[in-house]
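Reviewing the structure listed below.
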Amino acid sequence: VATFGGQTALNCAIDLYRSGVLERLGVRVLGTPVESIIATEDRGIFAEKLAEINERIAPSMAVRSIDDAIKAATNIGYPVIVRAAFCLGGLGSGFADNTEELVELCTEALASSEQILIEKSLKGWKELEYEVVRDCKDNPIH
Numbered sequence: 003v004a005t006f007g008g009q010t011a012l013n014c015a016i017d018l019y020r021s022g023v024l025e026r027l028g029v030r031v032l033g034t035p036v037e038s039i040i041a042t043e044d045r046g047i048f049a050e051k052l053a054e055i056n057e058r059i060a061p062s063m064a065v066r067s068i069d070d071a072i073k074a075a076t077n078i079g080y081p082v083i084v085r086a087a088f089c090l091g092g093l094g095s096g097f098a099d100n101t102e103e104l105v106e107l108c109t110e111a112l113a114s115s116e117q118i119l120i121e122k123s124l125k126g127w128k129e130l131e132y133e134v135v136r137d138c139k140d141n142p143i144h
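Residue numbers for the sequence shown, in the working numbering: 3 to 144.
As structure tokens, this is what we get:
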């Protein structure tokens, strides 16, 4: 069960999956499939998955360098939020109102993640978060 162990367990599960160790040793991951963990941690894939189900999201671009982050922020328009990928806890994330703040955040984020998401800031909007859990017969648990 990779989801019980924080970011370290998630990172280990992803590495073991991508390297083929899990398949080679016949290890079955219980709970959330590793493919789903990857899809939620990779900010670009996550945005694509939401688009597939017509879920509206803020304009964003997944990047791997500070130069690309600056281009993305210029294209999207300030203020932006920087979100480090593969860090669900938010490490290296924050708001940038200008290029100087963006570079500072991206430097921190890229020190712990190979990818960051530059997203239009929705600061001031109301956020509603929900989770749905279903049992083996597809009954929702509220």
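Cβ coordinates follow ideal geometry from the N, Cα and C atoms, glycine included.
Reduced DSSP category for residue i - H, G, I as helix; E, B as strand; rest coil
i           : result
residue 134 : coil
residue 25  : helix
residue 139 : coil
residue 36  : helix
Inter-residue Cα distance where the pair is residue i and residue j
i           : j           : result
residue 122 : residue 13  : 27 angstroms
residue 39  : residue 87  : 12 angstroms
residue 29  : residue 18  : 10 angstroms
residue 55  : residue 85  : 22 angstroms
residue 98  : residue 128 : 19 angstroms
residue 45  : residue 24  : 24 angstroms
Close-in-space but distant-in-sequence residues of the same chain around residue i (CB under 7 angstroms, 5 per side omitted)
i          : result
residue 72 : 101 and 104
residue 59 : 49 and 52
Nonlocal neighbours in the same chain, by C-beta distance under 6 angstroms from residue i, ignoring five residues either side
i           : result
residue 136 : 142
Residue j beta carbon less than 8 angstroms from that of residue i
i          : j           : result
residue 4  : residue 34  : yes
residue 27 : residue 64  : no
residue 66 : residue 116 : yes
Residue i CB to nearest heavy atom of the ligand SAM below 7 angstroms
i          : result
residue 77 : In terms of ligand content, the structure shown is empty, and the ligand SAM therefore cannot be addressed.
Spatial neighbours of residue i in its chain, beta-carbon cut-off 8 angstroms, leaving aside the 5 residues before and after
i          : result
residue 41 : 47, 48 and 51
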